[in-house]
Every structure is written in structure tokens, then in C-alpha cells.
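Numbering (the numbering used here), first residue to last: 22 to 207. All C-beta atoms in this analysis are idealised placements derived from N, C-alpha and C, irrespective of residue type, glycine included. The model shown is predicted, which means the values in this text are computed figures rather than measured ones. Some notes on the structure that comes next.
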């Protein structure tokens with residue numbers, strides 16, 4: 022990868038986005054919450070690089086400050102899905118039997134729900150509960166997105182990992198390890 026220019030350009034771009042989300046004031050001095058209604062729908066200029074929206078907000082500043090929430094949701098959702106889906110998939114694939122059947126039907130049930138419909142339907146309920154738990158409205162919305170994406174995302178990974186574990190469980194090296202007295206954990 023050290024010689025691959027696509028890797029280095031992608032890594033540099035990712036580093037800029039992370040820097041932008043951690044320190045947005047380095048990229049813009051404009052307040053993203055300041056609306057100037059007289060400058061509504063202004064074209065891109067040196068003052069507002071992406072222009073202004075219908076309410077007069079600087080679109081560039083809102084993109085810069087919005088990167089934090091986007092990266093946070095993506096990162097925490099991915100970590101949650103990998104941890105939950107990976108653990109459930111490995112457990113179901115290795116144990117097999119009735120536990121595998123129950124876990125398999127549970128994932129099928131979650132996969133049957135239309136994701137975006139559930140995202141819209143659960144929004145008011147979960148956001149209010151998170152705000153009641155003491156989170157700010159912005160943190161409640163971010164937490165809500167993480168919860169819903171993780172809840173409806175882990176079944177896909179669990180099914181994939183379960184299939185891989187089922188195929189690996191029958192391989193010769195696993196049988197040899199079991200025959201040599203290796204513990205289940207290994």
C-alpha cells in the first residue's frame with residue numbers, strides 16, 4: 022500500500038475530514054447558526070464559498086460544522102454493528118442447533134422491517150426519550166441515529182459472519198484442533 026497513490030490520497034482526504042470535524046474553526050470563522058435573511062440564496066462568493074441557503078445560512082460553514090456529527094454517527098454505528106453483529110454471528114455459527122435457529126429467525130425478522138420507514142416512525146419517540154435522559158437535542162438526534170442504524174444494521178453482518186463460521190467449522194484444521202484437545206475458545 023505504501024506505493025499506491027490512491028491509498029495515500031484517500032488517507033490524506035480522510036485525515037482532512039477528521040481534522041475538519043475535530044477543529045472546524047480552522048476551516049471557517051463563520052458561525053453556522055447565523056442567518057442573514059437579506060442575503061438569502063446568495064451565489065457562491067469569497068465570503069460564502071458554497072453560497073447561502075433560502076434562510077441566509079452560510080452553506081460552507083454548515084457543512085464544516087456538520088462533519089462532526091456525520092463522522093461520529095458513521096464511526097460509532099460501524100463499531101456497534103461490528104461488535105454486536107460479529108459476536109452474534111460467531112456465536113450462532115459455532116454453537117449451531119436451536120440457538121442458531123432462534124438467532125437466525127430473529128435476524129430474519131429484523132431484516133423484514135423496512136429500514137427507512139422504521140427510521141421515520143421511531144424518530145419522535147426515541148429522540149424524546151434521549152432528551153429526557155439529559156442529552157442535548159443535538160446529542161439526542163445523533164444518539165438516535167446511532168441506535169437505529171446499529172439496531173437494524175447488525176443482522177446483515179451477523180448472517181455473513183455466521184456463514185463464514187459454518188464453513189470454517191467443518192474444515193480439517195478445526196477438526197485437528199478438536200482432536201488434539203484444544204479448548205472451545207481456541
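By Cβ distance below 8 Å, which residues in the same chain neighbour residue i in space, the five residues on each side in sequence not counted?
i          : result
residue 58 : 76, 77
residue 88 : 38, 41, 42, 45
Spell out whether any CB of chain B is found under 8 Å from the CB atom of residue i.
i           : result
residue 191 : Although the question refers to chain B, the structure presented lacks it and comprises just one protein chain.
In chain order, what residues of the same chain lie with their CB nearer than 7 Å to the CB of residue i, ignoring the 5 residues before and after it?
i          : result
residue 21 : The first residue shown for the chain is 22 and the last is 207, placing residue 21 beyond what the model contains.
residue 36 : none
For residue i versus residue j, is the C-beta spacing smaller than 8 Å?
i           : j           : result
residue 175 : residue 102 : yes
residue 182 : residue 114 : yes
residue 194 : residue 139 : no
residue 94  : residue 141 : no
residue 143 : residue 169 : yes
residue 128 : residue 179 : yes
residue 165 : residue 147 : yes
residue 98  : residue 32  : no
Could you pull the start and end residues of the alpha helix (DSSP H) that residue i belongs to?
i           : result
residue 45  : That residue, residue 45, is in no alpha helix (DSSP H); it is neither H nor E in DSSP.
residue 179 : 158-190
residue 140 : 136-153
Tell me, please, whether the segment 53-70 touches the segment 82-96 by the rule of three or more beta-carbon pairs shorter than 8 Å. yes
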